[in-house]
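Written below as structure tokens is the structure these notes are about.
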Amino acid sequence: MNLKDLIRKEVLSQTAYPAETLSCRIKLDANENPFTLPPPLKDGIFEAMKKIDLNRYPEPGSHRLRARFAQHYEVERDMLMIGNGSDELIHTLCTAMAGRALDVIVPVPTFAMYKISALNNGHRVIGVPLNTSFDLDLGVILEHLATTKAATLVFLSYPNNPTGNCFNQQKIKTIIEQSPGIVVVDEAYFPFCRKTFLPFLKRYENLVILRTLSKIGLAAMRIGFLIGPPSLIHEVDKVRLPYNLGALSQVAAGFYLDHEAAFLKQAEEITKNREELFDALKQMEGVHPWPSEANFIFFSCDFDVDSVYNNLIEEDILIKNFNAPGIMRNCMRVTVGNHEENEEFLAALNNTIAKVRRVV
């Protein structure tokens, strides 16, 4: 017996998520917060975790945490669901809608997990390339929404990963208004732009919002939130795995609410560093950064970025290489680091560009 015959064809056709396994001294590839917690806060969170009985299961459904974050986001408790990071919630939403004809519409380029989760659940993915300004091609998206005979699920990263820009708000509203299905606005990078669709939840019954604590400093804990109409959350919650959020993660999430000001202060520092990094990249000949509202900067080069990427690794610096034919040709993404990391990256990039040009 060939064991592969037991696996669904949608899974066989996929590759695993391409998470970077390289280890470099300066890691600017995964859009993480470069700052650790101040020692008093780090001690505080560890003390809180010491009270956990590791032989006991965590609170199922994170009910107390749901109530606290619902109040934090100013929504009703039954409008919010907590997951093991946004990735789990994206997958859970796609799973809840599996078994029926579903068109999942995503911009290209955008966060890879939308496509991966949709395909792994047997859905058809329609990728709509962004225009030359990295904004939504509204006409093409509306045409798909108007002509499809299937139910629809639209994923919009806001700001978009990897380009860093917030799509035009009116375009998103138009998509929500004309969509026969659900529109998910992923606000993973909200701390760095402070733009949100939360106020529109009462207006649009087909709007769902994703939030996470990963980008603001708790990536190791994997804490995400799905916020939407109670009727949808009630159904999606049925396919959520029990005990999906560990006890330590629940403690960390509560700790975040108790000390949010410290996390937001770090987000402000990252935003300041982002502008300085953008200005420095803009001064480099042959480097073209795109204005960002996230904690990373997307940029293109006038030369082979594969060589740039490999040379940076030799300098013990890791960023994300997006080089591909078309709009992504010679494009890369760098996470905003602390001041010292950014300075080392800029110096290494200058040296690397000089090397690449000499070879050419």
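Quick note on numbering that gives the first Met the number 0: the sequence shown kicks off at 0 and runs consecutively. Glycine residues also receive a C-beta, built at the ideal position from the N, C-alpha and C atoms.
Around the beta carbon of Pro128, fewer than 16 other beta carbons sit within 10 angstroms, so the residue counts as exposed. Judged by DSSP secondary structure, Ala111 falls within the alpha helix (DSSP H) whose first and last residues are 111-119. Straight through space, the alpha carbons of Asn83 and Ile181 are spaced by roughly 21 angstroms.
One Cα belongs to Gly60, the other to Phe133, and the distance between them is close to 38 angstroms. With three or more CB-CB distances shorter than 8 angstroms, the stretch 88-107 counts as touching the stretch 141-148.
When only Cα atoms are considered, Gln70 and Met112 end up about 28 angstroms apart.
Under the 8 angstroms Cβ criterion, the stretch 258-266 does not count as touching the stretch 240-248, having fewer than three qualifying pairs. The beta-bridge partner set that DSSP reports for Arg76 is empty. Minimum Cα-Cα distance from Ile81 among the listed residues Phe189, Arg210, Ala117, Asn32 corresponds to Arg210. Here Ser230 is exposed, its C-beta having fewer than 16 other C-beta atoms within 10 Å. Considering only Lys50, Asn337, Leu256, the residue with the shortest C-alpha distance to Phe68 is Leu256. Here the stretch 233-247 does not lie against the stretch 25-33, with fewer than 3 beta-carbon pairs under 8 angstroms apart. For Asp185, the number of other beta carbons within 10 angstroms of its own is at least 16, and it is reported as buried. Using a Cβ-Cβ distance cut-off of 8 angstroms, the stretch 155-174 and the stretch 291-300 are in contact, since at least three pairs of beta carbons, one from each stretch, lie closer than that value.
The beta carbons of Gln13 and Ile125 sit about 17 angstroms from each other, so the pair does not count as a contact at 8 angstroms. Within the same chain, and ignoring the five residues on either side of Gly336 in sequence, the residues whose Cβ sits closer than 6 angstroms to its Cβ are Leu27, Pro33.
The Cβ atoms of Ile89 and Val183 sit closer than 9 angstroms to each other. Each residue's CA atom was taken as its position, placing Leu200 and Asp301 some 43 angstroms apart. Judged by DSSP secondary structure, Phe295 falls within the beta strand (DSSP E) whose first and last residues are 295-300. Of the other Cβ atoms in all chains shown, 16 or more fall within 10 Å of the Cβ of Ile175; this residue is therefore buried.
DSSP places Val304 in the helix class (H, G or I) of the three-state scheme.
By a beta-carbon distance limit of 8 angstroms, Pro57 does not contact Leu225. Their separation comes to about 18 angstroms. Nearest in C-alpha terms to Lys271, of all of Pro190, Val307, Ala323, Ala252, is Pro190. Burial is judged here by how many other beta carbons sit within 10 angstroms of a residue's own beta carbon; Ser22 has fewer than 16 and is exposed. Residues Val105, Tyr113, Val183 of the same chain have their beta carbon placed closer than 6 angstroms to that of Phe154, with the five preceding and five following residues left out of the count. Contact annotation, Ser178 with Thr151: C-beta distance approximately 6 angstroms; criterion of less than 8 angstroms satisfied. In this structure, the beta-carbon distance from Asn341 to Ala252 does not fall below 9 angstroms.
Approximately 6 angstroms separates the beta-carbon atoms of Ala347 and Leu311; this is inside 8 angstroms, confirming the contact.
Looking at the DSSP output, Thr91 shares a beta bridge with no other residue.
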